[in-house]
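Protein chains in written order, with our numbering: chain E, 15 to 327; chain P, 15 to 327. The C-beta atom is built at its ideal place from N, Cα and C for all residues, glycine as well. Structure record follows, encoded as structure tokens.
There are 2 protein chains.
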Amino acid sequence: MKNLNLPKKVFIKEVGPRDGFQIEKKFVPTENKIEVIDMLSACGFADIQYTAFVHPKAIPNMADAAEVSAKIKRPAGVEFTALIPNQKGYERACGLGLKRVELTMSATDSHNLSNLNCTSLESIARLEECLKLGLETQLCAGLAVVFGCPFEGRPPYERIRMLVDRIVGLGIKDLGLADTSGVGDPKQVYDICARLVDAYPSVTFYVHVHNTHGAAVANILAAMQAGITHFDSSVAGLGGCPYAPGASGNVATEDIVQIFEYMGIETGIDIDRLIAAAKRVEEIVGHSDSATLKAGKMGHLVEGGPICQNNRQ
Amino acid sequence: MKNLNLPKKVFIKEVGPRDGFQIEKKFVPTENKIEVIDMLSACGFADIQYTAFVHPKAIPNMADAAEVSAKIKRPAGVEFTALIPNQKGYERACGLGLKRVELTMSATDSHNLSNLNCTSLESIARLEECLKLGLETQLCAGLAVVFGCPFEGRPPYERIRMLVDRIVGLGIKDLGLADTSGVGDPKQVYDICARLVDAYPSVTFYVHVHNTHGAAVANILAAMQAGITHFDSSVAGLGGCPYAPGASGNVATEDIVQIFEYMGIETGIDIDRLIAAAKRVEEIVGHSDSATLKAGKMGHLVEGGPICQNNRQ
Chain E
15 MKNLNLPKKV
25 FIKEVGPRDG
35 FQIEKKFVPT
45 ENKIEVIDML
55 SACGFADIQY
65 TAFVHPKAIP
75 NMADAAEVSA
85 KIKRPAGVEF
95 TALIPNQKGY
105 ERACGLGLKR
115 VELTMSATDS
125 HNLSNLNCTS
135 LESIARLEEC
145 LKLGLETQLC
155 AGLAVVFGCP
165 FEGRPPYERI
175 RMLVDRIVGL
185 GIKDLGLADT
195 SGVGDPKQVY
205 DICARLVDAY
215 PSVTFYVHVH
225 NTHGAAVANI
235 LAAMQAGITH
245 FDSSVAGLGG
255 CPYAPGASGN
265 VATEDIVQIF
275 EYMGIETGID
285 IDRLIAAAKR
295 VEEIVGHSDS
305 ATLKAGKMGH
315 LVEGGPICQN
325 NRQ
Chain P
15 MKNLNLPKKV
25 FIKEVGPRDG
35 FQIEKKFVPT
45 ENKIEVIDML
55 SACGFADIQY
65 TAFVHPKAIP
75 NMADAAEVSA
85 KIKRPAGVEF
95 TALIPNQKGY
105 ERACGLGLKR
115 VELTMSATDS
125 HNLSNLNCTS
135 LESIARLEEC
145 LKLGLETQLC
155 AGLAVVFGCP
165 FEGRPPYERI
175 RMLVDRIVGL
185 GIKDLGLADT
195 SGVGDPKQVY
205 DICARLVDAY
215 PSVTFYVHVH
225 NTHGAAVANI
235 LAAMQAGITH
245 FDSSVAGLGG
255 CPYAPGASGN
265 VATEDIVQIF
275 EYMGIETGID
285 IDRLIAAAKR
295 VEEIVGHSDS
305 ATLKAGKMGH
315 LVEGGPICQN
325 NRQ
């Protein structure tokens, strides 16, 4: 092979305000959520997953979804989307005029049961119920633990294929594939994505990776080579799993934007505004998981910096 | 493309005892160095770069190179190699009976001058002087800042090619290509490695990456696809640059061993012994930069673990 067959342009959905804030143990004040979302909507994202319409007992940090929806700025060109678990969440999102929502489910029954108290196929039935309502809000789907489940390990491809087939059979055109706890490897990500892209050329697959084992960027690279051009990521690397010691957050948006731009892959994101948003997020939640926030812009080291002792190699 | 064209087997040179310990501000006690090297030599590495023969004023932590050399265990099948900057280091290493050493230099003059007080071509002249001695110890070369220099940015390929050509012209068969401050990107790493592998089919190129911007594993994946099968890495992710804020260490050996094994790429390394060594290193130096030390073995999350809130996705 003479090149990596990389795309010229990728589409990044910023999911930090949802996947990140949802797992913070302390409630993130509504005004801070709005402030961060407004900073993000000035960065050039076409899609910001800004909240989830879920039961506040399940995810207390999303209890202010309606107030956030009412108060965020809505600049032209930015679509504000949300995550939903079921028909109730769908109806709430529709009532607030959302153009698109993502119904989430898991690739394994044990994981689906632990999160949604039903099997994967029962979640697909919920998706079908939502579709039958004939509402205006477009429905997408997100499949968690595609690349590894905390309870069942790695689901067989046939299982993933069966679920994708049912979902696509309902007319869904946008489908997320999530490495929810960050246990995928690049070969596996490539193999699964390449087969799905081949099988469903009219579907847009979003790859959503966490960096638990340090393979997030490599998994994205492998997904790109399999034909994936749509990715989820979180500002400041928010997300992760507070109950799995050491489990990491989503790959940091500012990290992949920097790497992509150096690779000549267009993102449309203003990196300086994004880094400012990441710093603000870090101030608000008190932590981050971002190489960029630790090391600065890649240019900082590339274009000038102090002598490194280990430059001896 | 239908697959990533990955190798079945890779060769990992453990460089932590050299690249890691050399930049510790506090002197790492000699007995601790020996303890760690002995733990590493039981992991299955064929090559451990265990010290450097450099002026103790330049790198105080390598001042005990002779004592370490005398006291480490030397199990069959493990080669103990070292870094040298010049003829004096070469003669010291030869005097201690080393089978192989790596003479380091930089891809840019400004970097070479800052580290070795001579230009890149003057370092190549030093390499030639060493070769002329006709000693038994095999000479390899290592080229720093190939993928980005703190002073000059990214060297043009023609510059890299010219230096490699001179080095290979002297009969060198093993040549390291280092992303010394961790500023490379996967496309760049692929492009440079693919061209060099094509141009010098009889040379073994080692790729040496740091994880400053989170791209280390992706850069290794890209290098593999370019035909590279030899990599340097550091136990516990030691290394890095104490004077470049946030700059990260070498990619952690235990991280890449885990990821490679999940990819079906053989490393020959005993991951449990390696993780034990990494934990000991962390105790000794008081820090680490290792996803494995944070998150545990990949199986820990894949095969069983607590419910993650963010498994909603």
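- Setting aside the 5 residues that flank it on each side, Asp284 (chain P) is surrounded in the same chain by Ala56, Cys57 and Gly58, each with a C-beta closer than 8 Å to its C-beta; the list follows chain order.
- Cβ proximity to chain P below 7 Å picks out His222 and Thr226 from the stretch 209-226 of chain E.
- Beyond the five residues adjoining it in sequence on each side, Asn129 (chain E) comes within less than 7 Å, by CB distance, of Ser120 in the same chain, given in chain order.
- Across the set E:Gly254, E:Thr306, E:Ala213 and E:Ala291, the C-alpha of E:Gly254 shows the shortest separation from the C-alpha of Gly34 (chain E).
- Here DSSP, grouped into helix, strand and coil, assigns Ala90 (chain E) to coil.
- By the CB criterion at 8 Å, Asn225 (chain P) and Ser262 (chain P) fall inside the cutoff.
- Annotation: Cβ neighbours of Leu18 (chain P) in chain E (cutoff 8 Å, chain order): Pro200, Lys201, Tyr204, Ala236 and Gln239.
- In chain order, Leu184 place their CB closer than 8 Å to the CB of Glu142 (chain P), counting only its own chain and leaving out the 5 sequence neighbours on each side.
- By the Cβ criterion, the stretch 161-175 of chain E is in contact with the stretch 202-221 of chain E, since at least three pairs of Cβ atoms, one from each stretch, lie closer than 8 Å.
- Residues of the stretch 73-101 of chain E that bring their beta carbon within less than 9 Å of a beta carbon in chain P comprise Ile73, Leu97 and Pro99, in sequence order.
- The stretch 76-90 of chain P and the stretch 305-315 of chain P do not touch, with fewer than three beta-carbon pairs separated by less than 8 Å.
- By the C-beta density criterion, Asp188 (chain P) is buried, having at least 16 other C-beta atoms within 10 angstroms.
- Collapsing the DSSP output to three states places Gly167 (chain P) in a strand.
- As for any alpha helix (DSSP H) of minimum length 4 sitting wholly inside the stretch 85-138 of chain P, the runs are 101-109 and 123-130, ordered along the chain.
- Taking 8 Å as the CB threshold, Asp123 (chain P) stays off the interface with chain E.
- Boundaries for Gln152 (chain E): no alpha helix (DSSP H) harbours it, while the beta strand (DSSP E) harbouring it runs Gln152 to Ala158, taken from the DSSP string.
- Secondary structure note for Phe245 (chain E): its beta strand (DSSP E) is the uninterrupted segment His244 to Ser247.
- Take the alpha-carbon of Glu280 (chain E) and the one of Lys71 (chain P): they are about 46 Å apart.
- For Ala305 (chain E), the enclosing alpha helix (DSSP H) stretches over residues Ala305 to Ala309.
- In the DSSP annotation of this structure, the continuous segment of the alpha helix (DSSP H) that includes Gln202 (chain E) starts and ends at Pro200 to Ala213.
- The beta carbons of Cys154 (chain P) and Ile186 (chain P) sit closer together than 8 Å.
- Per the C-alpha coordinates, the member of P:Asp179, P:Asn233, P:Ile26 and P:Gly198 positioned closest to Ser216 (chain P) is P:Asp179.
- Listed in chain order, the non-local C-beta contacts of Ile174 (chain E) below 7 Å within the same chain comprise Ala121, Val160 and Ile206, local neighbours out to five positions each way being set aside.
- When C-beta atoms of the stretch 88-95 of chain P are compared with those of the stretch 123-139 of chain P, fewer than three pairs fall below 8 Å, so the two segments do not count as touching.
- With a cutoff of 8 Å on beta-carbon distance, Arg106 (chain P) and Thr65 (chain P) are scored as not near each other.
- When the beta-carbon positions are compared, Ile138 (chain E) and Val115 (chain E) stay at least 8 Å from each other.
- Ranked by Cα distance from Ala230 (chain P), the options P:Asp199, P:Phe94, P:Asp212 and P:Thr95 are led by P:Asp199.
- Leaving aside the five residues that flank Asn46 (chain E) on each side, the residues in its chain whose CB is nearer than 8 Å to its CB run, in chain order, Ile298.
- For the pair Met277 (chain P) and Leu20 (chain P), the CB atoms are nearer than the 8 Å cut-off.
- With respect to the 8 Å criterion, Gly190 (chain E) and Tyr220 (chain E) are classified as neighbours on the basis of their beta carbons.
- Taking a beta-carbon distance threshold of 8 Å, Val50 (chain P) does not count as an interface residue toward chain E.
- Taking the beta carbon of Ser262 (chain E) as reference, the chain P residues within 9 Å of it are Ala305, Lys308 and Ala309, listed in sequence order.
- Going by DSSP, Glu49 (chain P) is part of the alpha helix (DSSP H) stretching over Thr44 to Leu54.
- Taking a contact as a CB-CB distance under 8 Å, the pair Asn75 (chain E) and Phe41 (chain E) counts as one, their CB atoms being some 6 Å apart.
- The beta-bridge partner set that DSSP reports for Lys27 (chain P) consists of P:Asp246.
- When C-alpha distances from Glu172 (chain E) are compared across E:His69, E:Leu210, E:Ile86 and E:Glu275, the shortest belongs to E:Leu210.
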